[in-house]
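Asker: Handing you a structure now.
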Amino acid sequence: MTDSAWERLTEAIDIKLGFDRHGREARPLEDRPDLTAQVEFFEFVKDGQTLRLERHTGPAIIDRKSHYSHRGGTANRIETIYNEREIAHTVHLLRKEGNDWVAVDLNELGL
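Under numbering that gives the first Met the number 0, the first residue of the sequence shown carries the number 0, and numbering increases by one thereafter.
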């Protein structure tokens with residue numbers, strides 16, 4: 000998602016629903032803790048549910064390699080290859096359920 004599209008989306012949510020919380024944090028990548036992604040987030044309430052919109056900015060994924068064991072036909076592990084010089088943005092919508100955040104389809108926003 001481009002910077003201008005992200006700004007339009009967050010402005011539309013702010014106008015219609017308002018934000019309860021906003022912030023930025025750095026998170027290590029799950030499979031490469033030496034690399035980090037910057038996460039900008041907005042928390043808001045829609046239809047009685049607490050939602051969190053996140054935009055992850057980090058190294059671009061250029062390949063995924065499957066490593067197989069000699070015993071079976073299933074992938075033993077998947078290695079993700081990153082280009083540290085190229086930046087990629089991904090957007091995630093999460094719903095709070097108890098103390099956990101559960102991923103939901105971005106189209107559920109209905110904006």
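For glycine and all other residues, C-beta sits at the position ideal for the given N, C-alpha and C. As the structure is a computational prediction, the values presented were derived from the model and not from experiment.
#1: Would you call the CB atoms of H91 and E42 closer than 8 Å?
#2: Would you mind giving the Cβ-Cβ distance between I77 and I61, rounded to the nearest angstrom? I have them listed as a contact below 8 Å.
#3: So what's E83 in DSSP terms, helix, strand or just coil?
#4: Helix, strand or coil for E10, going by three-state DSSP, please let me know.
#5: Which one or two residues does DSSP pair with D62 in a beta bridge?
#6: Distance check for L28 and E6, CA to CA, integer angstroms please.
Answerer: On the basis of the coordinates in this document:
#1: No, these two residues do not count as a Cβ contact at 8 Å.
#2: Not confirmed; about 14 Å, so no contact.
#3: Correct three-state label for E83: strand.
#4: When secondary structure is reduced to three states using DSSP, E10 falls in the helix class.
#5: Its beta-bridge partners are I80.
#6: Rounded to the nearest angstrom, the two C-alpha atoms are 24 Å apart.
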